[in-house]
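For reference, the structure is listed below as structure tokens.
Number of protein chains: 2
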Amino acid sequence: MKQVIVTRSDLKLGKGKLAAHVAHASLEGYKEAKRRNAEIVEEWEREGQRKIVVKVKDESEMLELFEKAKRFVPCALIRDAGLTQIEPGTLTCIAIGPWKDEEVDRLTKDLKLL
Amino acid sequence: MKQVIVTRSDLKLGKGKLAAHVAHASLEGYKEAKRRNAEIVEEWEREGQRKIVVKVKDESEMLELFEKAKRFVPCALIRDAGLTQIEPGTLTCIAIGPWKDEEVDRLTKDLKLL
């Protein structure tokens, strides 16, 4: 089991803000996956809750991935409240899973690590 | 309500790995706080689940803060599995809360943003 969190290369976020958004996505992905299949999430937790942070080029690549991924795997899409650094509503991260490796890999295997 | 996640300045983690550890801490802090007081956590979620990422100098400063903080606020301490970049068991992050602002602030107000 794994969770992949996808960030945008074109947003030049400070590393603290970036980490906060990745955490936001991770938690929302966790809750969404748990609603769908708590056993998969519990197995992910027992295995050490593997999280992998990757990147896409920009918002359109992120949205395209999200639209595809959510048909197969529990996902979460994070938008910024816009209080600092970026415009309100900016799409910052998506979480894919936690879910079964093979289904997550099929969607994310070509993405580069952040 | 807020959650503060504390990182170490002396660990030179890549930003993807750093973000994954912050997410790990955030999720464990969420679960710990929820066990203690689900209403506080729900209020934090309703308010937009504010997360603030800060830094301390090194492991000893982190441990000292953790020992103090856990007497007042639900906390989580994250150690690395050591598969990449750092030694197994390295302490990487702590989460303080989500919990009431005034109690979290009392512990973290002097820490710098990451």
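Top to bottom, those sequences are chains E and G. Take 0 as the starting number for the first sequence in numbering that gives the first Met the number 0 and just add one per residue. Take 0 as the starting number for the second sequence in numbering that gives the first Met the number 0 and just add one per residue. The C-beta atom is built at its ideal place from N, Cα and C for all residues, glycine as well. Values in this document were obtained by computation on a predicted structure and should not be read as measured data.
Check, Outcome
"Going straight from the alpha carbon of V72 (chain G) to that of G96 (chain G), what length do you get?", "6 Å"
"Can you list, in chain order, the residues of the region 62-86 of chain G whose Cβ is nearer than 9 Å to any Cβ on chain E?", "A80"
"Among E:S59, E:G28 and E:E44, which has the Cα closest to the Cα of M0 (chain E)?", "E:E44"
"CA-CA distance, I77 (chain G) and H20 (chain G)?", "7 Å"
"Contact defined as beta carbons within less than 8 Å: I believe G28 (chain G) pairs with A94 (chain G). What is the distance between those atoms, to the nearest angstrom?", "3 Å"
"Under 8 Å, Cβ to Cβ, is there at least one residue of chain E near A37 (chain G)?", "no"
"Can you give, in chain order, each stretch of the beta strand (DSSP E) that sits fully within the region 50-74 of chain G and has at least 3 residues?", "50-55"
"Can you pull the chain E residues whose beta carbon is under 8 Å from the beta carbon of V114 (chain G), in chain order?", "This structure leaves residue 114 (chain G) out entirely; chain G is present only between 0 and 113."
"Would DSSP call A94 (chain E) helix, strand or coil?", "strand"
"Against chain G, with Cβ distances strictly below 8 Å, would K50 (chain E) count as a contact?", "yes"
"Taking the alpha carbon of L112 (chain G) as the reference point, which residue from G:E42, G:R35, G:K56 and G:E31 has its own alpha carbon closest?", "G:K56"
"For I4 (chain G), would you say it is in contact with chain E, using Cβ-to-Cβ distances shorter than 8 Å as the test?", "yes"
"For R7 (chain E), is the classification buried or exposed, using 16 other Cβ atoms within 10 angstroms of its Cβ as the cut-off for buried?", "buried"
"Taking A22 (chain G) as the reference, give the member of G:P87, G:K99, G:A75 and G:E101 with the closest Cα.", "G:A75"
"Restricting to Cα atoms, I'd like to know which of E:E63, E:G47, E:K11 and E:D79 is closest to A24 (chain E).", "E:D79"
"Are any of the Cβ atoms in chain G nearer than 8 Å to that of K116 (chain E)?", "Lying outside 0 to 113, the shown extent of chain E, residue 116 (chain E) is not represented and no answer is given."
"Among residues of its own chain, excluding the 5 on either side of M61 (chain E), which ones have a beta-carbon nearer than 7 Å to its beta-carbon?", "V5, R7, V55, L90 and I93"
"Could you check which residue in G:G88, G:R105, G:K69 and G:E101 has the C-alpha nearest to that of A32 (chain G)?", "G:K69"
"Taking buried to mean at least 16 other C-beta atoms within 10 Å of its own C-beta, is A37 (chain G) buried or exposed?", "exposed"
"Using a Cβ-Cβ distance under 8 Å, would G47 (chain E) count as near chain G?", "yes"
"By the DSSP assignment, the beta strand (DSSP E) with K108 (chain G) in it spans what residues?", "Here K108 (chain G) belongs to no beta strand (DSSP E), and DSSP marks it neither H nor E."
"Please state the DSSP three-state secondary structure of I4 (chain G).", "strand"
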